[in-house]
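Q:
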Amino acid sequence: MGRKVFLQHLEELSFSTIPDIENVHSPDEGVVSCRYTYHDGDLPIRVQVQCCTTDLDQYPDGSSFMLFTDSENLHDVIPRVLESHSNQAHGKVLSTLLTDLSLAMTKALTTGIQPSELGFEDPQRNHSDASDFDFDIDEENDWQFGFDEMPNGARNTPGLSHAKATSVSEMSAAERRRADLRAVKDAGFRVGVHGDLSKSAVLCVSIRVGKLGLSEEVMQAWKFCRKKYLLLMISYPSGYRTLDHVVARQSFAPDMDLRIGLCQHYKPCPQDINKAFQGNKVQKPAVNQSNAPMADHKDQLEPLFIGKPMLQLMQDFLPHIIQSRLDFGLNWLGAEKFVLARGISSSEEDRSSIVPSNHSDARDSSTLLAPVANADHFETARDNELSLPLVAMQFLLRHVIRCTEFCLVCHCPLEEKFEALKPYVCSKPLCLYQYMSLGFGPEIEWEIKTQPYVVDLLISFCYVAACQGSLIVLPVGLNVMVPLLPVWDQGSLRNGQSSNPPQQTTSSSLPVKPVACDYKAGTRELHVNDGDLNRFKDLRPGAWLVLVPHSGESFIHCRVERIELPIIHIGIPDSMISGASPQKSSPQKSQKSSPKKSSRSKPASSSDNSSAGVADALVDCCLYENNFDDLAEDQQHHAIKILLETLPSVQDMCDYLEARDSGSLSGWKHRISDSALSILRWIIASNRSYIMQVDGMEEIDTAIHLTPGPDEVREMDKWIQFRFAQGAPDKENRFVECMKKETSASRHPSLWAWHGSNLGNWHSIVRQGLRYDRVANGRAFGNGVYMSPVASTSLHYSVPSVSRNANQQASAAVCWKQSALNIRAALSLNEVVNRTDKFVSSTPHYVVANIDWVQTRYLFVRSDSVVVRKSSDHTLWEYEQAPGRSVLNELGSPVKIPVTAVPKSRRPGFVQQANGNGNQKRSKMTIETDLATAERMEDDAESITSDEDDLALLSTHLADEGQGGVVDEAGKIKVDTAIASNILRSDPDQEEETDFVPGTLNVEGIIFLSAPKNATTSSSQALMRSFREMMEVQESTPASKLGWYIDPSHVSNLYQWIVELHSFPRDLPLSKDMKAAGLTSLVLEMGFQPSFPFTPPFIRVVSPRFLPFQQGGGGNVTEGGAMCMEVLTNSGWTAALSIDSILLQVRLALSDEERPARLIKGQTGGHSRYAQQYGTGEAMAAYRRACRNHGWLVPEGFDSFEA
């Protein structure tokens, strides 16, 4: 009845007149749209108003309206009037609602009525201080931002903030702002503004990470997410400033300031902006909290992994670089070199001798980067038309994408011949020192907590290299103070003896000068002889020293607690013992812990002197008094080895950090010395490869238990696996281009091969890549990277070798004693371009000279501990290797490589698009593409629909950008994406017969729910639109092609849909099972939460029952009937996904051919048989288990689906 009355009142409005209201119509069910016009000035103010009824069936007495506008160029008083009338709309009929609205709008705009008179408080504003910002999160006023001129009506309206007419000079400034920001948009960036650019504002320029053309490994190594935005924020406390202004002042301050970050949205919320600029001398942003989002807002601003060095570069040098480009016509690299060279010059004479010149800035691979990464505004605009926001954003993008080419401290181009995946510093010691001391490096605490085994791996590699004396690059410049200790003689080490005292080195190293002292164990006092007191005059509490017992057992590192010369009070932390022979320390392996499980034995008490191996005795004392840089190379290696032996296990570090919410290892002063911490930071920060653990791992007693991950390589049971990637950010693109060029007609463009190397070399390999400029095992088959398809062959080259220094240990006896991995050998698994005829040698080894032909994929580690690998719960989508060239494990059996080993750009994916033209109804067609493209199109759809202001602009460039989609009448781009690892391979245009008959489903046994009490209008409207779109598609598409059916008579509640899936390919095992059971469809239930579309639907099978996975079933159906798909959890869901695209993904999963979905046999009698229906409770329990096992996020409010 309510709907009928609503339509009647709507029709009556078409014949009546309401002052200033026109074009009343209903664009959607339960929605009334009209245009209000304010006539007071040269240019009328027009506001398009939408009125949405909250409950159409209860109209008018039990219904209300929500009023809003999507018009631009409006003062904030207008949305406030709409909000006020939304609160007063309950029980009103349409004519009364619109009449009251017209009167209120006219009064507000004519008399300058204040918001407090409309029923809510006026935010406190302070316009006297130009350095304070006043943001309104709901405002998107282009004429205030400088996109368009201010409407004349607004200029002449009393009470508006811009009542004063705009002068000619202001108009010119507005045009320049508009031109600058349009240039930013035209270049492919997003633009957002908080505030008023003519007075004070923050301009946000951003681009989605997925558009930068970076590989998965690069994004993970840089902590990027493809859906997030790389963001440049420019604050203007006194109004917008052009490029000419900055160049003239040679500085951004005091009129501008910059910030860099990552954000979920193209424009962060005011709270995040305030936080970003907090403490800034140029401005102190402030936001009216009454208009700000709640604390759980989603648009969190995150730091960029190189944010600190990039911000310093832009603030200190960008104005000078821009001026150099203008003055001398230089390219980016030429201007940067010129400015930086002048900056480090010590005298004016030196600076004047520097001649500006262009430098080649086009790498061979530059064309493989995304076009936006190579764009240069200087080359497309005249000098007086340059947009400063665009220039600054292009400069930022250039240094982010190519960050591995520049030093992060001095910003000079790196001269190294090798390429790296992670940025670092140049070879200048001062740069390394500043990199560490200024906090430019990675946060090692985060690395330790999130990737403990990777940290363990890096420490172990460095320890072995230090023992072998094979560290190529040493941590010079960090000002690390180390003890100079005696070195074990080689014979005692090799034989496992420790009875001989340490021998002094006979090389040209600095002499070892220990001080003989008397140690009292009971009081932990060190008594110094009177003649040696001068050696301790500079010693301070908190310093470290080493006790060397004359027995030669080990070195004991102690922290100075108090000094009362000749007595020094010391503390001996647990396990701070170094220098013990490996055979002595090996029994500790049974006591050390796993980074995943704290099952170690109880540590010795700090008062237990026996744990430190020291009793009352005469000892030699060595101070941490020698600068690492002053030592000879062999002493430097030994110092690193000694310091690493003092570190606690990675698990102990994790425990310490987890016990402190914002803890830093620098606070653990009684356990880790500053020197050891500096070496640890250097080890982690200098890793320039991407390494990510594949297996879950825990250490129980003396065995390592592995839980296989989804990227696991099968048939390598005794090896611990890591994903491993190296090379420059565009290395993957170069590898793919090489494959296309060399093997364009081949079905198998690549092959796989192992590379083995001595453990002492891996510290350098993870930093410099697979290089062949050093000869370790000869070059009998030519120069190049040596690889083999047989693991046992490569393993032969991983055997320990004799160290190059006589005072260093052989790797056979070496392992970092605190390691949970206990590494014995390491191999990398590499993908290689399959052109063996062009290899330097193809037998007995693969020898490849072109590094671009080799891409590392995995790193395998063999442990001395017992390794127990659990059976995998993951379905293996195996990568098809080249026939006759399968890669073999050490037993000679072929390994099985998952398809996830290769990038998404080479994995299959599906995109569903509308097909049709003109006024014809569109049907759906499925297009096969690659997974990366499918995800990009999904991101494009989400991005476009999230910003209505940019829709018109972006839609005109769809063809040029290669984006797929159809723009509907509202300007919204309809791009539906289905992503699946295994694809239903069938011709989407092929008409097939079907035995499915719509409308015949017996719904007996299905529990129909009522609408949730907390249902929101926005969610109901979104569901109504989705349902109507589904019905339109269903009516216009043949059933055999569509594959799903929704009976509208079974949808009495928008939050619960009953869906039938049907017409599967006849050769599928699932189709045969359905035919045997007398079924023509599968019955699914889709449940929606009141937070839809921001949370995913819950999809479960109602009937029939599927064969569980453990019994050979598949199709992503859990044992309880819930669909097990990441896209249906908060980890994979996005509001841009449409319902039909979700159903397509479900259908594709059920149509999996490698692990086919099967029905339990013996189910007959149709869907109404209760025995073969799943219950809601068991489906919800299975969904939770699946999320827990995969690490997916369960949506909030999920429990509301319980019947």
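For the sequence shown, UniProt numbering begins at 1 and goes up steadily by one.
Even for Gly, the Cβ is constructed at its ideal location relative to N, Cα and C.
These figures come from a predicted structure and were not determined experimentally.
(1) If you count every other CB in all the chains shown that lies within 10 Å of the CB of Gly-1043, and 16 or more means buried, which is it?
(2) Please classify Gly-1191 as buried or exposed, where buried requires at least 16 other C-beta atoms within 10 Å of its C-beta.
(3) Just how far apart, CA to CA, sit Ser-14 and His-90?
(4) Select from Met-256, Trp-222, Ala-659 the residue whose C-alpha is nearest the C-alpha of Leu-262.
(5) Determine, using beta carbons only, whether Leu-340 and Phe-317 come nearer to each other than 8 Å.
(6) Would you kindly check if the distance between the Cβ of Leu-829 and the Cβ of Trp-752 is under 8 Å?
(7) Please work out which residues of its chain come closer than 7 Å, Cβ to Cβ, to Asn-834, disregarding the five sequence neighbours upstream and downstream, and give them in chain order.
(8) Are Val-391 and Leu-197 closer than 8 Å when you measure CB to CB?
(9) Could you give the DSSP three-state label for Thr-856: helix, strand or coil?
(10) Of the choices Ser-1020, Trp-1133, Leu-301, His-245, whose alpha-carbon is the least far from that of residue 1284?
(11) For the structure I just gave you, are there three or more beta carbon pairs, one from the segment 467–476 and one from the segment 630–649, closer than 8 Å?
(12) At 3 residues or longer, and completely inside the segment 513–581: list those beta strand (DSSP E) runs for me, N to C.
(13) What is the rounded straight-line gap between the Cα of Lys-1072 and the Cα of Arg-1066?
(14) Would Phe-1027 and Leu-1001 qualify as a contact pair, given that the criterion is a beta-carbon distance under 8 Å?
(15) For Asn-87, which of helix, strand or coil comes out of DSSP?
(16) If you draw a straight line from the C-alpha of Ala-276 to the C-alpha of Ile-234, how long is it?
(17) Look up Ala-826 in the DSSP assignment and give the residues it is bridged to.
(18) Hey, could you find the ends of the beta strand (DSSP E) Glu-217 is sitting in?
(19) For residue 1204, which residues from the same chain have a beta carbon less than 8 Å from its beta carbon, with the 5 sequence-adjacent residues on both sides left out?
(20) So, helix, strand or coil for Leu-478, using DSSP?
(21) Going by DSSP, what residue range makes up the beta strand (DSSP E) through Tyr-229?
(22) If we count the other Cβ atoms within 10 Å of its Cβ and call it buried at 16 or more, is Gly-756 buried or exposed?
(23) Going by DSSP, what residue range makes up the beta strand (DSSP E) through Lys-1099?
(24) When DSSP labels each residue in this structure, what does His-411 get in the three-state scheme?
(25) Under DSSP, the beta strand (DSSP E) around His-755 begins and ends at which residues?
(26) List the endpoints of the continuous beta strand (DSSP E) containing Leu-67.
(27) So the alpha helix (DSSP H) Leu-677 belongs to, where does it begin and stop?
(28) According to DSSP, Arg-671 sits in a beta bridge with which residue or residues?
(29) Identify whether Gln-1021 lies in helix, strand or coil by the three-state DSSP scheme.
(30) Kindly give me the distance between the Cβ atoms of Pro-452 and Gln-220, rounded to whole angstroms, as I take these residues to be in contact under 8 Å.
(31) Skipping 5 residues on each side, what residues in its chain have a beta carbon closer than 7 Å to that of Leu-408?
(32) Measure the C-alpha to C-alpha separation of Thr-702 and Trp-719 and round it to an integer number of angstroms.
(33) How big is the Cα-Cα spacing for Asp-620 and Ile-691?
(34) Can you look up Gly-261 in the DSSP assignment and give me helix, strand or coil?
(35) Would Met-1 be called buried (16 or more neighbouring beta carbons within 10 Å of its own) or exposed?
(36) Just to check my reading of the structure: Leu-1128 and Val-1102 have Cβ atoms closer than 8 Å, yes? What is that Cβ distance to the nearest angstrom?
A: On the basis of the data shown:
(1) buried
(2) exposed
(3) 22 Å
(4) Trp-222
(5) yes
(6) yes
(7) Thr-743, Ser-746, His-748, Pro-749, Ser-750, Leu-751, Ala-882
(8) no
(9) strand
(10) Given that the chain is displayed from residue 1 to residue 1203, the structure contains no residue 1284 and the question cannot be resolved.
(11) yes
(12) 515–520, 525–528, 544–549, 555–564, 567–571
(13) 7 Å
(14) no
(15) helix
(16) 11 Å
(17) Val-861
(18) Counting along the chain, Glu-217 falls outside any beta strand (DSSP E), though it belongs to the alpha helix (DSSP H) covering 216–221.
(19) It is not possible to answer for residue 1204, since the shown part of the chain is limited to 1 through 1203.
(20) coil
(21) 229–236
(22) buried
(23) Position check: residue 1099 holds Ile in this sequence, whereas Lys was assumed. Unbroken beta strand (DSSP E) run through Ile-1099: 1098–1103.
(24) coil
(25) 750–756
(26) 65–69
(27) 674–685
(28) In DSSP, Arg-671 forms no bridge with anything.
(29) helix
(30) About 17 Å separates the two Cβ atoms, so there is no contact after all.
(31) Ile-306, Pro-309, Pro-423, Tyr-424, Val-425, Tyr-435, Phe-440
(32) 16 Å
(33) 42 Å
(34) strand
(35) exposed
(36) Going by Cβ atoms, the distance from Leu-1128 to Val-1102 rounds to 16 Å, so no, they are not a contact pair.
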